[in-house]
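As structure tokens, the structure follows; a few thoughts come after it.
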Amino acid sequence: MVFTLSTRRKGYFTNEFFWKNLGKNRILVTTRHGGWTILNEEEFKLLRHGKCEENIELYNKLKQEGIIISEDNVTTISDCYKEKFSQLFLATTLHIITPTLRCNHKCIYCYASSKPLKAKEYDMDKDIARATVDFIFQCPSKGITIEFQGGEPLLNFEIVKFIVNYARKKAKEKNKDVNFRIVTNLTLMNNSILKWLVKNKVDINTSLDGPEFVHNTNRKYENGKGSYKDVVKWIKILKKKKIPIGVMPTITRYSLPYWKEIIEEYRKLGIMRFWARRLNVGGFAVKKWKEIGYNPKEYLNFWKKCLNYILKLNEKGIRMQEVTTEIFLRNVIFSKNYNSFVCLASPCGCAWSQLSYTPSGDVYTCDESRSFEIFKLGNVKETNYEQLFSSWKVLDIVALTSGLSFDCSSCVYHPFCGPCIVDEYGEHGNIIKKPNSFNCQVKKGIFDYIFKEIIPNKKKFEIVKTWIGISREEHAGV
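Its first residue numbered 29, the sequence shown is counted upward by one per residue in the numbering used here.
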């Protein structure tokens, strides 16, 4: 940034900013460090022409957000940069282990590309399990989360138990904190397994795609039979025992007409956090996309219907949340902070905040990338943590997910968002992001709706802020 005589006389200069006309005399202005505000056309004209000091209220607003820089706020803006990109100064906290790629399901969209029940060569053994945990605890992070995914991890439950016990031992030796969670389809659950998981404080997560006719279309057993009744049976058991469980759907083309029925299924089961989670372009979904996928407009229409229905429920006193909206709006409100939802961070969490480990000990950038060989970073038997994270492969991934070499770099929403090169590869067969890709159009559509329809609507905005846990007083001026 070059200081000119005029900026010295004014005592400030204008930061690099990006803008978008939202309509109705509202223009969104953002900066790379996370500053943002909405201006009217007259205010925006003063900003563009470097005359914002003519309106003292505007001047103070722009200075507070770091859209204009002076000696008073330059240190604050520097601190914002440091906080917003703090993951670059931290180590990996989420480690996703696949004890087996075998599964008793054949879900139509499986991003793990699961293997048949009899294919036991895809099970992790104790030697690889031990080497994987040893690799994980080379990580300098004080807090570590180990998540078990599949396949179906309960098909190799002995290895799950071995890893939990061995990791606890390593955590004690290394003076670290370790937490565990498991993602299971629940259909192999029994009282003995449940008792062990609860005793060992392993959080439980599962999938439910909606009412029986929707779930059984998307999520079938290997023999073609639907799994709805077995999943719901165990959800009810866990709810009755007051054991916390995370439940989420995956939205396919077949799900789109049944948005209300899916939400009501969650309500019926007492699950009051609903995530209208879109389909990833990975695993089985790549080849089946024309059959089970949709275009951005179709997904966005589904999400909007879900959101507005849930907002109406809230207006009636029924406390339910839509998680996509919650995540995106949190990024907007806390835009100067580190984004802990790594799929919207920039750089994102893949190959930095999280890693994924296959049954053979191969290390991948994230769980969604496991079906693409290009995202393999190494093997726990052949490298160590320091070598992996000083490799050009990891550094290139971090550079690519910054979005600074793509059209993201000039996007008004970049402070709240970031590219997903795994989705890009699934869609285009190339890790270089293309303009207006599926992932990009969906994210832009969500942010457009939040800025155009949610934030200006006082009633809707106040409801969604309660989902994030923000009081009216904390962000009355947003």
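Even for Gly, the Cβ is constructed at its ideal location relative to N, Cα and C.
Cβ pair residue i, residue j closer than 8 Å
{"i": "Ile263", "j": "Gln177", "result": "no"}
{"i": "Asp205", "j": "Ile172", "result": "yes"}
{"i": "Arg60", "j": "Pro443", "result": "yes"}
{"i": "Asn53", "j": "Asn43", "result": "no"}
{"i": "Val275", "j": "Leu216", "result": "no"}
{"i": "Tyr282", "j": "Thr245", "result": "yes"}
{"i": "Ala379", "j": "Val309", "result": "no"}
{"i": "Arg306", "j": "Val492", "result": "no"}
{"i": "Lys198", "j": "Val161", "result": "yes"}
{"i": "Lys267", "j": "Gly298", "result": "yes"}
Distance between beta carbons of residue j and residue i, contact taken as under 8 Å
{"i": "Asn213", "j": "Glu186", "result": "No, Asn213 and Glu186 are not in contact; Cβ-Cβ is about 18 Å, not under 8 Å."}
{"i": "Ile320", "j": "Thr280", "result": "5 Å"}
{"i": "Lys332", "j": "Tyr477", "result": "6 Å"}
{"i": "Gly254", "j": "Glu240", "result": "7 Å"}
{"i": "Lys48", "j": "Glu81", "result": "At roughly 24 Å, the Cβ-Cβ gap does not stay under 8 Å, so Lys48 and Glu81 are not in contact."}
{"i": "Lys148", "j": "Arg130", "result": "7 Å"}
{"i": "Lys472", "j": "Tyr441", "result": "6 Å"}
{"i": "Ile174", "j": "Ala195", "result": "6 Å"}
{"i": "Ile346", "j": "Ile291", "result": "With a Cβ gap of about 11 Å, Ile346 and Ile291 do not count as contacting."}
Chain-order list of residues whose beta-carbon lies under 6 Å from that of residue i (same chain, five-residue window excluded)
{"i": "Ile402", "result": "none"}
{"i": "Val230", "result": "Phe208 and Ile210"}
{"i": "Trp287", "result": "Phe330, Lys333 and Cys334"}
{"i": "Arg358", "result": "Ile496"}
Three-state secondary structure assigned by DSSP to residue i
{"i": "Glu44", "result": "coil"}
{"i": "Asn485", "result": "coil"}
{"i": "Tyr413", "result": "helix"}
{"i": "Val211", "result": "strand"}
{"i": "Pro375", "result": "coil"}
{"i": "Ile55", "result": "strand"}
{"i": "Tyr385", "result": "strand"}
{"i": "Glu502", "result": "With a pLDDT of only 37 at Glu502, under the threshold of 50, the placement of this residue in the model should not be trusted; the figure read from the coordinates follows. In this structure, Glu502 counts as coil in the three-state DSSP scheme."}
{"i": "Asp476", "result": "helix"}
{"i": "Gly321", "result": "coil"}
{"i": "Thr393", "result": "coil"}
{"i": "Leu90", "result": "helix"}
{"i": "Gln349", "result": "strand"}
{"i": "Asn193", "result": "helix"}
{"i": "Trp64", "result": "strand"}
{"i": "Asn49", "result": "strand"}
Residues of its chain near residue i, where Cβ-Cβ distance is below 8 Å and the 5 sequence neighbours each way are ignored
{"i": "Asn101", "result": "Lys91, Gln92 and Gly94"}
{"i": "Gln409", "result": "In the sequence as presented, Gln is not what sits at residue 409; that position holds Lys. Closer than 8 Å at Cβ, skipping near neighbours: Ile156, Ala159 and Gly389."}
{"i": "Tyr392", "result": "Leu383, Ser384, Tyr385, Thr386, Arg398, Phe403, Lys404 and Leu405"}
{"i": "Leu86", "result": "Leu67, Glu71, Leu74, Leu75 and Cys80"}
{"i": "Ile482", "result": "Thr353, Leu357, Lys488, Phe489 and Val492"}
Close beta carbons around residue i, own chain, < 7 Å, minus the five adjacent residues each side
{"i": "Phe434", "result": "Pro447 and Lys461"}
{"i": "Ala373", "result": "Gln115, Asn367 and Gly446"}
{"i": "Lys112", "result": "His61, Gly62, Lys364, Asn365 and Tyr366"}
{"i": "Tyr256", "result": "Glu240, His243 and Asn244"}
{"i": "Ser381", "result": "Gln115, Thr120, Thr121, Leu122 and Val370"}
Proximity test, Cβ basis, 8 Å: residue i and chain C
{"i": "Leu297", "result": "No chain C is part of this structure, which consists of one protein chain only."}
Exercise for the section: Give, in chain order, every unbroken run of the beta strand (DSSP E) that is at least 3 residues long and sits entirely within the stretch 118-168. Expected result: 122-125
Problem - beta strand (DSSP E) runs wholly inside the stretch 220-302, at least 3 long, in chain order - result: 230-235 and 273-276
Problem - Every unbroken alpha helix (DSSP H) inside the stretch 444-472 [4 residues or more] - result: 449-456
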